[in-house]
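One structure is given below, encoded as structure tokens.
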Amino acid sequence: MNYPCSNLATCKNTVGKFVCTCSDGFKGNGSHCTDIDECSDQTDTCSEFANCIDNFGGYSCACNDGFVGDGFKCLEKPMVDYKTEVPVKQNELYGPYFINLKITVFNLIYQNIYVSVNGYIAFGEKSYAQPDGTFPAASPVLAPFWTAFDVAAPGKIFIDSYEYCKDKAILNRIGNMISSAFHAKHAVVVTWENLSPYPASEFGNETITFQSILVSNGTFFYAIFNYDKDNVKLNAEANRDILVGYGDGKGGSTVFAQDKKFFNLLEAGNEVYGLRKTFKMGNRTESSLNCLEWHCKSEKQFHIDSFAIPCPCTLQQAQLDLTFKGVTGNTCYENRFPINGTIQRCCYSQAEKALLKDYPDGGFIYNTNGSFSDGQRYCCKDYPLCNLFYDIHPSDTCSKYQVPGTVFVLDPLVFKMINKKWYSFYGAGEYTLLTVKAPWFDTSVTIQARVEMEDNDQFSKIPVYTAFAIKSENAVLEISEKGNVLIENNTDNIFEKENNIIFFNNMHLEIISVNDSMGIILTLPHYLQQPYLLSGLLTGKMPNGQAIDPSSERDVYRIWEACRVKEKDSLLNYTHKNYSSFNSYSISEDQFIEILSNLTNLVNSINTTCQDNDMFCVCAAVLHKPNLANHTMLYKPEYFERIENFPPFLQDTMNELYLTSGNNTIFLEAADRNNDSINLEIEVNNSKNTFDSSNLNWTLNLDGSPTELKVWAKDSRGATSLYWPEIFFCTCKGNGICKKQSKSERMVSAKNLIRFYGLRCTCSEGYTGADCNTMIDMCTTKPCYHGVSCNSSLGEQEMCGSCPTGLSGNGRVCYDKDFCSKGVCSQKCKDNIGDTYVCSCRNGYKLAADNKTCEDIDECAMPSKCSGFGEYCFNVPGSFQCKCKTGYVSNNGTCEILANKNKFSGSMSINLRDITQIQMAKKLADKSSAEYKTTSEEMKKSILDKIGTDNVVVIDDIVTDKSNRTKRSTDPESLKVLYTVYGNAIDQTQLENLLKSSCGVDCCNFNGLCVAPNSLQINAQDMCNENICDSMSTNCTQEEKGFRCVCKPGFETSPQYDLFKCKDIDECNTIQPCGSIPCSNTFGGYKCLCKSGHVFKNKSKSCVDVCAGHRCKKGDCVKLEESYRCSCHDYWTGKYCDKELEEKEGFRTAAIVIGVVLGILCLLLIGVIVYIIRKYKKPSKTGSNFTDPAELRSSKKVDDKGIDMSNVKAQPNIYSNTGVDNQSYEPDV
């Protein structure tokens, strides 16, 4: 049969036509149905905090991370993440915990908090008070859950600080706890995890986790209390002092809940999964926030990934090192060209010309693409937290600075290298002088030179430089014979020219062009790698790596020839000549050596005024080049003396000095790398003292007032360095300790005007004041349990008196013993103050006589329970259940009778089409899950929709089926549904047709679920095998349209009984079957009552003797109550003593055999006697001594008692009182 409807639709037959309707979750005309994507259509009803997941024929909702629920309703988990554990001891407060951002708490400003193990936060000063329903008046206190906790239990405390630039997601979530418009910038989260009430020995099985958040957007300051419902595992009935709320430190307070009322507050909850309380603490514009935010953002984004050129150590070095150029009044210098965008700024003091480091005026490293100018403004100008700026952009210490190397290339004949050695060359052509590449530059720099021969009156022909070319990236700079400069492709300002100096890639080249010659002076940073000609003479290697001897003239010749430029690589200009014309000159290696020898002889033969082995000067004088000789005077040794003069530095100094009041001795020792003499100049608050010594012990006297210390170390030539330490001053006395400031605290705790910080004292319990030298009366802090006396003169350990009557503890912490936790009550227990408690029971139970144990209440004994049709009451512990009687089945909460119904057991397999259905199927193993219940209801409804709602459907089980799975997948492929149908006048064929009414080739549609057609199994069941009919009063008969219970004889149907049981007929009152004899009705019959030994005779309607007309043949009749039994005679048995025993026949046979044998023996004996008599005596003719045989035969037989036994047959001697012969029998009637 072809079904006109889609297998995703239902078909409804009407007169003369049919209607196809797409199932829920599908759309179309019924013949063709497609899935509705409720998620894309936004027709779903998922929570705003949930993700919609489209399924085949429907959709599901899953709560987002941080929320719990069924997806349609999602509640936020109140607590945020935490990770940083802090140590806290019993009754102690952890702190002070420094907060970067100053916070406003009820119009008071604080930058540190104290966290108590007892569940509260104190501001400004420690508070040791025990909870008594009030808040201290000395300082603000926030109490998310103030009670006595025990740190001996495995509880922990966490404090985490979050900044917006690093923790945006968490702060956005915290901000939304206030409102969607609140943009949180900074938050401190304090979490108490798994704390147990004091003492843990009593209450270690109880725990609670809660949280307090302090948050600000820079203007408004809020506090938040969070409680996760699943993490509050306390006895709500215990008698404890609990305080939840806050005090403003001025006498005002707000209490959210106290003692047991907290649990009412938790149960009521609010918009989260648990409880959240939010309140405003104050508002104030925090001007340091811009600096803090800039620092946080820059700390995350700014990294010095590349090399930064170190600062020169003195202003004189910076002025001579042309790698740097002056900025900001020529007391600060920067490298001319960034390295990967990084610039090093170096600043110097105006008078001493010493390098300055860190705030307020030191140089710093920065990136050209960064926001360092914002940092300077926010941190150094708008708010004096300049050390935050220097934390991101630190100053260089010049510890790695090296003087740049200089190469003099004034004449090919002689040139001076960085190693200050002279080399000679003779030849002509085009050569690569240098190819360098810094590790942090993307491209290399190449310098090429053209050498031509020139006439000379002293030495025939000599080589001279006529052109140079430099390439960096795509830019090319060429220097012509007259010193003219041409630059191409310099769009990125690769080359900069100032007068006759060319700057590029932190190198510079000075052009020397005079009437008779041209040369260059090249200055290179020390970090460059030099793989070509000039470096080959330094390293002793050819460009190909072959080793050479730089002192060998032959090797010098070889390296020059190896560096000759190939035509394709030339950077030089060929306006008048071509490449070949410039590179045609050639001499042999031997000629090269001979020419250099002749030049040496010429130099040695002429006296000059040149000094200090100045070979430039010598050659210029010998070759008559006076202009060139004069120019070399600019590079006399004093230039190197000045730039190579490093200042002395103090040794083994600490940038942080931790000092106390009074005299503090500081050891100072300086060293100079140039071995110059040293003097030290010590400046304290602008007052200077000079010492002609490189080391001394300096005594610094501190009285607590801000003090600034500077130490200048100078050499004899004026080079100076500065030592400017940060001083951390501790004023604590013996009753407190100075807490060393963290980097974060140090940076933001004071305005950076000078480098002096007063350390905060952490006072011991019982002391206060800036120096912890003032003793306080501990009792004023209310350290004892409320109502307990306090005497501070007894000392910290003994100052609290005894706990109130009925409470245990040390007086500081008092608690009510929890008898209930020890299981004294079987169910509910309520502790009273003191050593008493009261037990009670849950609903469905009652308290037993011992007032501790709870007994079940049998609700079924109450007449009003389960009075519905077909119901009966079934008692269970603590409750009862209304169940359907035999022959009834539950249908939508009511019991429906099964009479005239057929029973069918069936199964079907649902194909799982998507991952959502598979994930749902995995949850069906839990029969109590919502998924199992929902799926069962959907399948029941889909079957009823097909077969009619006047039938009854029971879903017996739903199991996952992996039988068709391939490989090793653990995912189910289908669901197997087991069900039972109780059909109302329906047979198996009709049921099968109805169930398959919407089947296609591959799928039968059951409300959007795909059932495999070949999996539909229907089996009719014989209801008579179900024992539904009452076997005592009915017989079950199976019929075509159901089954029927037929009354047995003696029973009849009755309205007071259901269709499965019949009523007993009272024959005594209806048909009077006993006549005048008393009658007693029985179940299914009756009984006529006769006296003992008599029985009712139905025909005569009378009672007769049970032995009258008995049937005992060989026995006696023995009367019983309503019958008789036969007592058999000897050798007889059987019901009526009518069977002879087999032992009697055996004795008779034996007697006959013995008689025969004896008779024969007697005859033989008689014969012998007769023979003897006849032989020896003749017989008498007158008589005989023997009895006549005939007479013998007529003799009587008697027994041993003399009784005549002639007519009695012999019987064996056996027992006749056998069980068989003593049976009782009913009389014949």
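Everything in the sequence shown is counted per full-length UniProt numbering, starting at 1 for the first residue and increasing by one. The beta-carbon is built from N, C-alpha and C at its ideal position, and this holds for glycine as well.
Handout entry: Among Gly844, Phe667 and Ser864, the one whose alpha carbon lies nearest that of Val876
Key = Gly844
Exercise for the section: Select from Gly766, Asp228 and Leu265 the residue whose C-alpha is nearest the C-alpha of Val272. Expected result: Ranking Gly766, Asp228 and Leu265 by Cα distance to Val272 puts Asp228 first.
Practice task
Please name the residue in Phe158, Tyr585, Asn367 and Trp724 whose C-alpha comes closest to that of Gly341.
Solution key: Asn367
Problem - Contact check, Lys1113 vs Cys1137, beta carbons under 8 Å - result: Yes; because the gap between Cβ atoms is below 8 Å, this pair is in contact.
Practice task
Just the C-alpha distance for Gly119 and Asn226, rounded to the nearest angstrom, thanks.
Solution key: 12 Å
Handout entry: Residue range of the alpha helix (DSSP H) that includes Gly282
Key = First-last for Gly282: Gly274 to Asn283, but that is the beta strand (DSSP E), not the alpha helix (DSSP H).
Handout entry: Among Glu498, Ile548, Ser480 and Asn505, the one whose alpha carbon lies nearest that of Asp492
Key = Out of Glu498, Ile548, Ser480 and Asn505, the CA that lies nearest to the CA of Asp492 is found in Asn505.
Handout entry: Which of helix, strand or coil DSSP assigns to Met1032
Key = Reduced to three states, the DSSP call for Met1032 is coil.
Practice task
Reducing DSSP to helix, strand and coil, say where Phe542 ends up.
Solution key: Here the sequence assigns Met to residue 542, which means Phe is not the residue at that position. Three-state result, Met542: coil.
Exercise for the section: State the beta-bridge partners of Met453 as determined by DSSP. Expected result: Pro463
Exercise for the section: Enumerate in chain order the residues of its own chain whose CB-to-CB distance from Ile470 is below 6 Å, with the five nearest sequence positions on each side excluded. Expected result: Short of 6 Å from the beta carbon of Ile470, and not among the five residues preceding or following it, lie these beta carbons of its own chain, in chain order: Ile447 and Leu477.
Handout entry: Own chain residues within Cβ distance below 7 Å of Thr707, not counting five before or after
Key = Val684, Asn685, Ile727 and Phe756
Practice task
May I ask you to verify whether the region 922 to 929 touches the region 56 to 64, counting CB pairs closer than 8 Å and requiring at least 3?
Solution key: No: fewer than three Cβ pairs fall under 8 Å.
Problem - At least three beta-carbon pairs within less than 8 Å, the region 69 to 87 to the region 1026 to 1034 - result: no
Handout entry: Assigned secondary structure, Glu1226 (DSSP; H/G/I helix, E/B strand, else coil)
Key = With a pLDDT of 42 at Glu1226, under the threshold of 50, the predicted position of this residue should be treated as unreliable, though the coordinate-derived value follows. Coil at Glu1226, not helix or strand.
Problem - Extent of the continuous beta strand (DSSP E) run through Arg1125 - result: Tyr1124 to Cys1128
Practice task
Please report how far the alpha carbon of Pro140 lies from the alpha carbon of Tyr246, in whole angstroms.
Solution key: 7 Å
Handout entry: Three or more C-beta pairs below 8 Å linking the region 149 to 169 and the region 259 to 273
Key = no
Exercise for the section: Could you work out which residue in Arg450, Ala449 and Thr435 is closest to Thr443 when comparing CA atoms only? Expected result: For Thr443, the nearest C-alpha among the options comes from Thr435.
Problem - the region 1150 to 1162 in contact with the region 1119 to 1131 per 3-pair CB rule at 8 Å - result: Contact between the region 1150 to 1162 and the region 1119 to 1131 is absent, with fewer than three C-beta pairs closer than 8 Å.
Problem - Start-to-end residues for the alpha helix (DSSP H) that takes in Val684 - result: Run containing Val684: none in the alpha helix (DSSP H); it sits in the beta strand (DSSP E), Ile678 to Val684.
Exercise for the section: Decide if Lys946 is buried, meaning its Cβ has at least 16 other Cβ atoms within 10 Å, or exposed. Expected result: buried
Practice task
Give a yes or no on contact between the region 757 to 767 and the region 719 to 739, applying the rule of three or more CB pairs nearer than 8 Å.
Solution key: Between the region 757 to 767 and the region 719 to 739, the count of Cβ pairs shorter than 8 Å is three or higher; the stretches touch.
Practice task
Starting from Ala670, follow its DSSP beta bridges and name the residues at the other end.
Solution key: Leu650
Handout entry: First and last residue of the uninterrupted alpha helix (DSSP H) at Arg173
Key = Lys168 to Ile178
Handout entry: Nonlocal neighbours in the same chain, by C-beta distance under 8 Å from Asn598, ignoring five residues either side
Key = Phe459
Handout entry: Cβ-Cβ distance between Val19 and Lys27 below 8 Å
Key = no
Practice task
For the beta strand (DSSP E) containing Asn911, list its first residue and its last residue.
Solution key: Lys901 to Asn911
Exercise for the section: Mark Asn1007 as exposed unless 16 or more other C-beta atoms lie within 10 angstroms of its C-beta, in which case mark it buried. Expected result: buried
Practice task
Express the C-alpha separation of Thr207 and Ala200 in angstroms, rounding to a whole number.
Solution key: The alpha-carbon atoms of Ala200 and Thr207 are separated by roughly 10 Å.
Problem - Cross-strand partners of residue 1249 (DSSP beta bridge) - result: The chain is shown only over 1 to 1229; residue 1249 falls outside these bounds and no answer can be derived.
Exercise for the section: Give the DSSP-derived three-state secondary structure of Cys1137 in the structure shown. Expected result: Coil, per DSSP.
Exercise for the section: Using alpha carbons as the reference points, say which of Gly718, Ala354, Met453 and Ser216 lies closest to Ile587. Expected result: Met453
Exercise for the section: Look up Met1023 in the DSSP assignment and say whether it is helix, strand or coil. Expected result: helix
Problem - Span of the alpha helix (DSSP H) around Cys386 - result: In this chain, the alpha helix (DSSP H) harbouring Cys386 covers Cys386 to Ile392.
Practice task
Report the residue from Ile958, Phe203, Ala899 and Val889 whose alpha carbon sits nearest the alpha carbon of Thr934.
Solution key: Ile958
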